[in-house]
Amino acid sequence: MSATADSANMAIPQNAVVSQFEQDFSERRRKSRRAWAIGSVLFFICFMLTSWIGDFFKVTQVTMPDGSREWRWIIPVGIPRLGEYISKTIPTLHRDSLGADLADWFWRWRTWLKLLFETILIAYMATVLGVVGGFLLSFPAARNLAPNKWILWLTRRYLEIARTVPELVWAIIFVFCFSVGPMAGVLAISLHATGALGKLYSEVNENIDMRPLEGVKAAGGTWFDQIRYGAVPQVMPNIISYTLLRFEINVRASSIIGYVGAGGLGQEFRTAMSFQEYTDLSALFVIIFVTVMTIDYGSEKLRHRIIGMEGIRA
Amino acid sequence: MTQYLTLSDVTRQFGPTTAVDRVSLKIEPGQFVGVIGRSGAGKSTLLRLINRLIDPTSGSISFDGTEITALKGKALREWRRDCAMIFQQFNLVDRLDVLTNVLIGRLAEHGFLSSMAMQFTDAERAQAIAALDRLDLVPQALQRAGTLSGGQQQRVAIAKALVQKPKIMLADEPIASLDPANATLVMDGLKQINQDDGITVLVNLHTLDTARAYCDRIIAMREGRVFFDGTARQLTDDVVRDIYGLKGLQEFNEAVTSTALRETA
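Read top to bottom, the protein sequences are chains A and B. Once you know that position 192 of the first sequence is 192 in the working numbering, the rest is easy, because the numbers rise by one and skip nothing. Once you know that position 24 of the second sequence is 1024 in the working numbering, the rest is easy, because the numbers rise by one and skip nothing.
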């Protein structure tokens, strides 16, 4: 027996317990590998099936440069058209006449700036209303806090309906009710935000420590007292964080709902598209992009400061 | 005063298990009562039943002639104020300051708006500070409760209980998460309140020597039932063995579970 074999024997002690464990362990590993393999195959099949249903494998007739019609797979045919559309929206800027070209690109800047201001105001007011609604409803919608299951069921369904219907659809409904203008937009976005925030807040509520609430209850506090003193101070940092996040989302939403007449920049998209003013589209895109980026940056800074801050008096 | 707390045939079931099984007790006003027993013997459930944090499956609890199990709404909240509860894990609001935590003890008397706005009167604030002063916590009054040590937090909980102006104080393992020095402070605080204010104290303990040192009367529970009810002197080693089911153990050493500070001489 060589020295190396000897030391190998030393490293792996052989006895019944160890070999039994090794056997069980390899058995378990084999099972888990099999589960993974089956899962991967199923996933792949599902993915291919959805691609097929989603027309990703579609073969279509296209007109070739020589005028003949040929059958081609849709993806390589469609991609160049994307570039075609985007290139239409790119303005012509020359180095020597840059100022004039830019002025030409943003020719409606007065209107756009006014509408941008309106867009931000819509988002701001919708966020305020959405936060109030979502905050108040998040407590009866939390499984651990709801006073009874009927109230839980009712508030949850209400929040679901409010967030399932997209802002744009709410906007169409409110434009019908209250006519064209920012008010319809505010109502549409705030309703959707109530649903979305109520859900997020209620999940925060479900993760709180229940002992402080019990302490308030044992001292003779009402359900509202338990929420106000026991729950609210615990959830406050998360609420603020989600609220700022929602403001960013609402700015994006309010910049499109004008498409159906609910105020803000969105109406300009519609005008530009129907008049085929492609460079206007890119100008509007630049305006919204810069705005959202600025708000993202600012609110992220604010959020981090708030999360890092100790002792927020709730 | 004939403000007896009377429990008769109180039973509480959680599914198939009976946590408290036909317990009948009569607690005299001003007594310092210790409840001992193994984990799961029903001590916590018993205290929670009295405060009505949970409702009994059957039986009756009455205080000064009032049936406690029938109370609802405002009357129930006033009863909870009258029998203040102290918890093992303190159950304070960590993110609120100590003063507000103490003022939570006044909520039973508040209307909706003043409570939601966290508005308390000057008199209430003075009362809270006086209570904190009794427990030497005035310097920490504006600190967040979560930043305090365990012993300090439990004393804040006692101050909160004091501003409730209770007739009975229920303490559920108040010293189980504290070190010996803090445990002594908390127990002394309870004893002092019991003697100076004449408040009945009902305290769950799992350290026998603490029970012997502080309690006028010791109640031992086993499997949901009252197994022993008497003075510390009547609690002999044989009884203790039966309470804790230590038949197999030859010698039972109370010092093992002790949290008391002793001279090591």
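Using N, Cα and C, we set each Cβ at its ideal position, and we do this for glycine too.
Chain A residues whose Cβ lies nearer than 9 Å to that of residue i
i	result
B/Ser-1115	Gly-221, Thr-222, Phe-224, Asp-225, Arg-228, Tyr-229
B/Leu-1087	Note on identity: in this sequence residue 1087 of chain B is Phe, with Leu being the wrong assignment. Near B/Phe-1087 (Cβ distances below 9 Å), the residues of chain A are Arg-211, Glu-214, Gly-215, Ala-218.
B/Phe-1063	Within 9 Å Cβ-Cβ: nothing; B/Phe-1063 doesn't reach chain A, min ~15 Å.
Coarse secondary structure for residue i, derived from DSSP in three states
i	result
B/Leu-1205	coil
A/Cys-177	helix
B/Thr-1210	helix
A/Thr-60	strand
B/Arg-1095	coil
A/Arg-143	coil
B/Ile-1104	helix
B/Pro-1029	coil
A/Gly-215	helix
B/Arg-1222	strand
B/Gly-1034	strand
B/Glu-1124	helix
B/Asp-1136	coil
B/Phe-1228	strand
A/Arg-313	Bear in mind that the predicted position of A/Arg-313 carries a pLDDT of just 48, short of 50, making it too unreliable to give a figure here.
B/Thr-1264	Per-residue confidence for B/Thr-1264 stands at a pLDDT of 43, beneath the threshold of 50, marking its modelled position as unreliable; the derived number appears in the next sentence. Coil at B/Thr-1264, not helix or strand.
B/Arg-1144	strand
B/Asp-1055	coil
A/Gln-234	helix
A/Gly-99	helix
B/Ile-1175	coil
A/Asn-336	There is simply no residue 336 of chain A to check, as chain A begins at 1 and stops at 314 in what is shown.
A/Ile-38	helix
A/Gly-83	helix
A/Pro-182	helix
B/Ala-1041	coil
B/His-1301	Nothing in the structure corresponds to residue 1301 of chain B, since chain B is present only between 1001 and 1265.
A/Glu-277	coil
A/Ile-208	coil
B/Lys-1072	coil
A/Pro-91	coil
A/Asn-250	helix
B/Arg-1233	coil
A/Ala-262	coil
A/Val-165	coil
Assumed close pair residue i, residue j - CB separation to whole angstroms, cut-off 8 Å
i	j	result
B/Gly-1105	B/Gln-1164	4 Å
A/Ala-188	A/Ile-120	About 16 Å separates the two Cβ atoms, so there is no contact after all.
A/Ala-218	B/Leu-1053	6 Å
B/Gly-1034	B/Cys-1215	4 Å
A/Leu-159	A/Ala-141	6 Å
B/Leu-992	B/Val-1102	Only positions 1001 to 1265 of chain B appear in this structure, which leaves residue 992 of chain B out of reach.
B/Ile-1243	B/Arg-1222	6 Å
One or two residues paired with residue i in a DSSP bridge
i	result
B/Met-962	Only positions 1001 to 1265 of chain B appear in this structure, which leaves residue 962 of chain B out of reach.
A/Thr-127	In the DSSP output, where bridge partners are listed per residue, A/Thr-127 has none listed.
B/Leu-1007	B/Leu-1025, B/Ile-1061
B/Val-1020	B/Arg-1012
A/Trp-105	Partner(s): none; A/Trp-105 has no beta bridge.
A/Arg-69	A/Thr-63
B/Thr-1066	B/Phe-1063
B/Arg-1217	B/Val-1033
7 Å Cβ cut-off: residues of chain A touching residue i
i	result
B/Val-1093	Pro-212, Tyr-229, Gly-230, Pro-233
B/Gln-1127	None at all; the shortest Cβ gap to chain A is about 14 Å.
B/Arg-1081	Ala-219, Gly-220
B/Met-1270	The question about residue 1270 of chain B has no answer here: the residues shown for chain B are numbered 1001 through 1265.
B/Glu-1160	Checking the sequence shown, residue 1160 of chain B turns out to be Lys, not Glu. In chain order: Ala-219.
B/Gly-1112	Residue identity check: residue 1112 of chain B is Phe in the sequence provided, not Gly. Neighbours of B/Phe-1112 on chain A, chain order: Phe-224.
Listed by chain order, chain A residues near residue i by CB distance under 8 Å
i	result
B/Glu-1078	Gly-220
B/Arg-1012	Result: empty, since nearest Cβ-Cβ is about 17 Å, beyond 8 Å.
B/Gln-1164	Ala-219, Gly-220
B/Ala-1084	Ala-218, Ala-219
B/Phe-1227	Near B/Phe-1227 there are no residues of chain A at all, since even the closest Cβ is about 27 Å away, more than 8 Å.
Contacts of residue i in chain B (Cβ-Cβ under 9 Å)
i	result
A/Val-216	Asn-1091, Val-1093, Ile-1104, Leu-1107
Chain C contact for residue i (CB, 8 Å cutoff)
i	result
B/Arg-1241	Note that chain C does not occur in the displayed structure, where the protein chains are A and B.
Residue i CB to nearest heavy atom of the ligand FMN below 7 Å
i	result
A/Ala-103	As far as ligands go, the structure on display features none, and thus does not contain the ligand FMN.
Inset, instruction - Residues of the stretch 228-251 of chain A with a CB closer than 7 Å to any CB of chain B: list them in chain order, please. - result: Arg-228, Tyr-229, Gly-230, Pro-233, Gln-234
Legend entry - Positions along the stretch 1180-1191 of chain B whose CB lies within less than 9 Å of some CB in chain A: none
Legend entry - Where the stretch 1033-1056 of chain B meets chain A: residues whose CB sits under 7 Å from a CB there: Asn-1051, Leu-1053
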